[in-house]
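What follows is a short report on a single structure.
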Amino acid sequence: MKYSLSNTINSSLHKVADKISVSEGTKQWTEGLQSIEQITGDYCDVGSIRKLHYIFNKKDLIITETIVEQNLPGQIKFKYESKMGSNIVELIFEEMSDNEVKQTSNTTMELKGVMRLFGGLMKGMFKKQSKKYMTAFKKYAEE
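Put into structure tokens, the structure is as follows:
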């Protein structure tokens, strides 16, 4: 399953890149994230791995995040893996003006088990959650 979303951040490209580069800042814009554990490398370095502990609907979910590509300030790509499946999220930041950045999120998901059966039906829910994170990051980046 693939989808793309975009929005506009009212901030400079440099500030947006700085905000996405702060590991603990992730908690400011990612609903449900309880803790972050750096497993290998330094955050934002290609190949670095973090373990993200979430609570969704009163259930624990552990997601492993790997930085696949990093070309900030313009682009960063993450791979997320959990018991439900894996997904690749590429964030592209395009400077529109000195104080305006277009943020595009390209997501590719591969679901496992029962989630694979229902994935097509749940695409709208996944897109809605991604949009929620994008909107929260926008607010965080504009602070």
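Under this note's numbering, read the sequence shown as residues 1 to 143, first letter to last. Every residue gets a Cβ at the ideal spot worked out from N, C-alpha and C, and that includes glycine.
Alpha carbon to alpha carbon, how far is residue i from residue j?
i	j	result
Glu69	Lys79	9 Å
Gln98	His14	According to the sequence provided, residue 98 is Asp. The question's Gln does not apply to it. Rounded to whole angstroms, Asp98 to His14 spans 10 Å at the Cα level.
Ser95	Ile63	Checking the sequence, you will find Glu at residue 95 rather than Ser. If you take the alpha carbons of Glu95 and Ile63, they lie about 31 Å apart.
Ser130	Ser48	22 Å
Glu90	Glu110	15 Å
Thr104	Val46	20 Å
Glu142	Pro73	16 Å
Lys2	Lys77	15 Å
Is the beta carbon of residue i less than 8 Å from the beta carbon of residue j?
i	j	result
Asn87	Thr107	yes
Val101	Ile9	yes
His53	Ser82	no
On the CB-based measure, 16 or more other CB atoms within 10 Å of its CB, does residue i come out buried or exposed?
i	result
Thr26	buried
Lys19	buried
Phe56	exposed
Val22	exposed
Ser11	buried
So that I know if they touch, is there some Cβ in chain C lying closer than 8 Å to that of residue i?
i	result
Ser97	Any reference to chain C falls outside this structure, which holds one protein chain only.
#### Entry: Uninterrupted alpha helix (DSSP H) stretches inside the segment 20 to 66 (no shorter than 4 residues)
For the segment 20 to 66, whole alpha helix (DSSP H) runs of length 4 or above, ordered along the chain, are 26 to 29.
#### Entry: Ranges of the beta strand (DSSP E) found wholly within the segment 72 to 116, counting only runs of at least 3
Counting whole runs of 3 or more residues, the segment 72 to 116 contains the beta strand (DSSP E) stretches 75 to 82, 85 to 97 and 100 to 111.
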